[in-house]
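> Be aware that the sequence shown starts at 21, since it is given in this note's numbering, and climbs by one per residue. Glycine included, each C-beta is placed from N, C-alpha and C at the ideal position.
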Amino acid sequence: MHQRGIIKRVEEVQPMWGLAWRKWKETKQRWKNKVVTGMEMLFIQWGALIFLTGLLLGRAVLLAELFPFAIPFFAAVYAWRKEKAVIGAAGIMVGTFSGALFHVAFVIAALTLFIIMYEWIARFGWKTNWTLPITVFLATIGARTGTTWLEDGMVSSYSFVMGGVEAGLSFMLTMIFLQSLPLLITNKRKQPLKHEEIICFIILLASIMTGAIGWVIYGMAAEHMLARYLVLLFAYTGGAAIGASVGVIAGLVLSLASIANLYQMSLLAFAGLLGGLLKDGHKFGVSVGMLLGTALIALYGDGLNGVTLTLAESAAAIVVFLFTPRMITSFIEKYIPGTPEYAREQQKHMKKIRNVTASKVEQFSHLFQTLSKSFGTSAYIEETDKVDKHKDELMSKITEKTCQTCFRKERCWVHQFQDTYDGMTDLIEEMEDTGRISARSRSLWKKYCHYDKKVTDVMADVLHENESQKVFTKQVQESRQLVAEQLQGVSEVMENFAKDIQREKEAHHTQEEQIYDALHEAGLDIGHVDIYRLDEGNVEVEMSVPKQAGMEQAEKIIAPMLSDILKEHIIVDKEDPYEEIVEYSNFTFVSARTFTVDLGTASVAKGGGWVSGDSHAAMDVGAGKYVMAISDGMGSGQKAHQESSSALQILQTILASGLDETTAIRSINSILSLRSNEEMFSTLDLFMVDLQKATGRFIKIGSIPSFIKRDEKVKQIEAGNLPIGMMEHAELDVVTEQMKDGDMLVMMSDGILEMAAPIENTEIWMRRIISQLETEDPQEFADMLLERVIRVSHGQINDDMTIMTAKIKRNIPKWAAIPVYQSVPLIRKKA
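1) In terms of alpha-carbon separation, which member of Leu-297, Lys-299, Val-327 and Ala-291 lies closest to Met-310?
2) Pull the bridge partners of Gln-639 from the DSSP assignment, please.
3) Locate the beta strand (DSSP E) running through Ile-154, then write down its first and last residues.
4) Lys-713: which of Phe-615, His-484, Tyr-468 and Glu-560 sits nearest, CA to CA?
5) For the alpha helix (DSSP H) holding Tyr-598, just list the boundary residues, first then last.
6) According to DSSP, which residues form a beta bridge with Arg-460?
7) Report the start-end ranges of each alpha helix (DSSP H) in the segment 232 to 295 that is 4 residues or longer and not cut off at the edges.
8) Could you pull the start and end residues of the beta strand (DSSP E) that Gly-620 belongs to?
9) Pull up the CB-CB distance for Gly-267 and Lys-299, whole angstroms please, since I reckon it's below 8 Å.
10) Whole angstroms are fine: how far does the CA of Val-482 sit from the CA of Phe-492?
11) Can you find at least 3 beta carbon pairs, one from the segment 181 to 197 and one from the segment 132 to 144, that sit closer than 8 Å?
12) Please state whether DSSP places Ile-772 in a helix, a strand or coil.
13) Could you spell out the range, first to last residue, of the alpha helix (DSSP H) harbouring Ser-227?
14) Touch check for the segment 576 to 590 and the segment 766 to 785: three-plus C-beta pairs under 8 Å?
15) Can you tell me whether Gln-424 is buried or exposed? The criterion is at least 16 other CB atoms within 10 Å of its CB, across all chains shown.
16) Please go through the same chain and pick out, in chain order, the residues whose beta-carbon is closer than 7 Å to the beta-carbon of Glu-533, but skip the five residues on each side of it.
17) My understanding is that Glu-738 touches Lys-720, with C-beta atoms under 8 Å, so please give their C-beta distance in whole angstroms.
18) Please determine if the segment 622 to 630 and the segment 814 to 824 are in contact, where contact requires at least 3 C-beta pairs separated by less than 8 Å.
19) Under 8 Å, with one C-beta from each stretch per pair, do the segment 260 to 280 and the segment 241 to 252 reach the 3-pair mark?
20) Below 6 Å CB to CB, which residues in the same chain sit around Ile-91 once its five sequence neighbours on both sides are set aside?
21) Tell me the rounded alpha-carbon separation between Ala-480 and Gly-716.
22) Identify, in the order they occur along the chain, each residue of the same chain with its Cβ nearer than 7 Å to the Cβ of Ser-118, setting aside the five sequence neighbours on each side.
23) Among all the DSSP beta bridges, which residues are the ones paired with Glu-515?
24) Starting from Val-754, trace the beta strand (DSSP E) in both directions and tell me its first and last residue.
25) Should Ala-836 go down as buried or exposed, given a rule of 16 or more other Cβ atoms within 10 Å for buried?
26) How big is the Cα-Cα spacing for Ala-574 and Val-592?
27) Helix, strand or coil: how does DSSP classify Ile-356 here?
28) Would you report the Cα separation of Pro-153 and Thr-165, rounded to the nearest angstrom?
29) Does DSSP put Thr-20 in a helix, a strand or coil?
30) Identify whether Ser-726 lies in helix, strand or coil by the three-state DSSP scheme.
31) Going along the chain, which residues of its own chain have a beta-carbon closer than 6 Å to the beta-carbon of Asp-550, five neighbours each way excluded?
32) With a threshold of 8 Å, are at least 3 pairs of Cβ atoms found where one atom belongs to the segment 626 to 639 and the other to the segment 797 to 811?
33) Among Ile-832, His-548, Glu-217 and Leu-582, which one has its Cα closest to the Cα of Leu-554?
34) Consult DSSP for Arg-717 and reduce its assignment to one of helix, strand or coil.
35) I'd like to check one pair, Leu-312 with Leu-294: are the Cβ atoms closer than 9 Å?
36) Can you find the residues in the same chain that come closer than 6 Å, C-beta to C-beta, to Leu-39, ignoring five residues on each side of it along the sequence?
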């Protein structure tokens, strides 16, 4: 009992701890959101970030006398967010008064001159892409020349040249800031950054960093610590290339700001390169790369004397870097191509587009499904009620034309209602069943009714009209049913398409590396391996193979090795040359079908003519389905050929779109029956086989039987359906047959069995002939069978003749699987 009590208390405590943990996480997330929202409001909406940027750029000076950062920054803010321009100008003035007093007059003059010139140009509508940089150039050189003349009383050639250099730098920085400033002070950007935008953004950050020159913390220069932190941040998020680029740009800007920082370019670039290479070690690896790069360059430049201070500056930057929230690095990674966060962001965007597209397709699918139901729905009434209502309607029409004007109406329909009603009902039923009224019934009715002949004549006319109405109603119902089936088929196709859209491309990076390693260890030179599908029975792998080895190596070595790795038969599907790479070719490897079909055809036109009224086709309609079809147009010649080939073309198009064969044939039947008023009919003999399971389906529309030769036995396949186009709506009889390895299928047009020979039962004769033919080649089989028929007919060809044969064979690999002595645990799923 004591143990049970302890267990019960533990079970009660665990949910409480779980609840407390969830509440703590929710509270933490809530406070985090509040902090992020508050920081966003302070720095973005209220303009604190613009003020701080202006303050640092207001202190930034190049070569101790050039001041090219402040005016381009103000111009970019003024053009982009005019309402924030005052905040930017205030930051610039505070920075200038705090670190560049000699440039105060120049800054005030340049800002004033820029505003006047830009507003004057804007008033006349001369705004172009070059308006802002040119205005900054003119304002900078004008303000510098004016302030120099006021201070010295003259403008020397040196001062004029330096003023031109400063104006030129301002011109370029204006274009750079226009590209990069929105990246810094906005939170609405969703597009990934181009490489040019990344470089511009780094230049902006390096320019801001120069504003910290002169700040020293315990002997450590602030600009050095900021530069190394910047390199650490981008090496961690972007890798070696981005880290080295940031190092070069930051070092270049620092060296221009102060000659003493000239060695910083090589130090930061090397540190960024090492840090990016050690990115897989996460923040610790990048930090080690920074320390190694800093130590090596410091030892090379200053010896042991300067290593301590340099390492201290790097250590300070590393401490700040290690405590940098993941939120900041993730935000940067979203916009740098090649990073995992960027890939996830792109995948999220593509998934959203895919879901929207799939949703639209599903909506159309539901629309077609709803329309299908509306066309297929009919009011079902109980059979007894339907019969009674039908009798009452007929009775009403008959009495309206006869009894309404009869002088004995009241006696018959008031005093003797039941007798009158039963008598007329018996007459109607008898006329509906036999089409006439017997002499006995007529005699009995004559004794009861005064106008007996008139009543029976009107009854015959009404029943005839009713029969015509029945036929028309049935046709309408059949038309509605056909439209409903077609709409349902379109709905299913669109639903499957929506599922294909929503199916995400699975990442198979691990499996690709495993296959690559297995092939590489076998001594094969493989450029790359891309897995597109890894479903069982539906594998698709692409890889680049040296062009010298080509198809022979891919077919005889690589495909058999893949068969052993994937544990299923893999073959080469196609070879595609690269446009730019001449040394390699791209090969596609796919799953082989379990069964294959070898085809043979033989045909001859009536009387040995050129044009046959028969048409035949064999096609792979996708999804592992193979179709064979023969269509025999009515009669012979060009017109019959057009009719039969038209039926096959429509069939091929509909089947390729994804509709099932039954709906496809009904659609063809409806199209051909409505297309022409002439009595042109076609037969259709269709065979569809699943190449994975060997399940065959036969649909015969007005066609003669087909035959399956299995070993020494011959099986006859037949079904009774009217020819295509004879009736607008026809029920289809579908025969399903499980095919086996080695089966020989024989399909033929009706001209074969209508040969000019004295044979009483041609079907039995055909079965005997098929069983006697020994060849296993389907083409030889078709040729020999047609030759035998023509010989029996003594060379007479009274009708078009077509024979199609197909040999069903289990797909035996041409090359045996080559064992790969490496375990490759691939994640598989059934197709």
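Taking the definition as stated:
1) With distances taken between CA atoms, Met-310 lies nearest to Ala-291 out of Leu-297, Lys-299, Val-327 and Ala-291.
2) A small correction: the amino acid at residue 639 is Met; Gln does not occupy that position in the sequence shown. DSSP lists Val-647 as the bridge partner or partners of Met-639.
3) Following the DSSP letters along the chain, one finds Ile-154 in no beta strand (DSSP E) but inside the alpha helix (DSSP H) bounded by residues 151 to 172.
4) Comparing Cα-Cα distances from Lys-713 to each of Phe-615, His-484, Tyr-468 and Glu-560, the minimum goes to Phe-615.
5) Taken as a continuous stretch (DSSP letters only), Tyr-598 belongs to no alpha helix (DSSP H), as it is neither H nor E.
6) DSSP output for Arg-460 lists no bridge partner at all.
7) If one requires a minimum length of 4 residues, the alpha helix (DSSP H) runs lying completely within the segment 232 to 295 are 242 to 258 and 260 to 277, in chain order.
8) 615 to 624 is the extent of the beta strand (DSSP E) around Gly-620.
9) Not confirmed; about 14 Å, so no contact.
10) Computed Cα separation, rounded: 15 Å.
11) Touching, no, given that fewer than three Cβ pairs across the two stretches are closer than 8 Å.
12) Helix.
13) In this chain, the alpha helix (DSSP H) harbouring Ser-227 covers 215 to 230.
14) Output reads no: the segment 766 to 785 does not touch the segment 576 to 590.
15) Flag for Gln-424 reads exposed.
16) So the list is empty, once near-sequence residues are dropped.
17) For Glu-738 against Lys-720, the beta-carbon gap comes to about 7 Å, under 8 Å, which counts as contact.
18) Taking 8 Å as the limit for Cβ pairs, the verdict is that the segment 814 to 824 does touch the segment 622 to 630.
19) Counting Cβ pairs under 8 Å, three or more are found: they touch.
20) Ala-130, Val-156, Thr-160 and Ser-190.
21) Near 51 Å, if we compare the C-alpha coordinates of Gly-716 and Ala-480.
22) These residues qualify, in order along the chain: Arg-79.
23) DSSP lists no bridge partner for Glu-515.
24) Note, Val-754: beta strand (DSSP E), 754 to 758.
25) With a 10 Å radius around the Cβ and a threshold of 16 neighbouring Cβ atoms, Ala-836 comes out exposed.
26) Put simply, the backbone Cα of Ala-574 is about 7 Å away from that of Val-592.
27) Of the three classes helix, strand and coil, the one that applies to Ile-356 here is coil, per DSSP.
28) Taking the straight line from one Cα to the other gives about 18 Å.
29) Here the chain comprises residues numbered 21 to 851, so residue 20 is not present and cannot be evaluated.
30) Ser-726 carries a strand assignment under DSSP once its states are collapsed to helix, strand and coil.
31) So the qualifying residues of the chain are Glu-562.
32) Between the segment 626 to 639 and the segment 797 to 811, the count of C-beta pairs closer than 8 Å stays below three; the two stretches do not touch.
33) Taking only the C-alpha atoms, the option nearest Leu-554 is Leu-582.
34) It is a strand residue.
35) A contact, by the Cβ cut-off of 9 Å.
36) Cβ within range, chain order: n/a, list empty.
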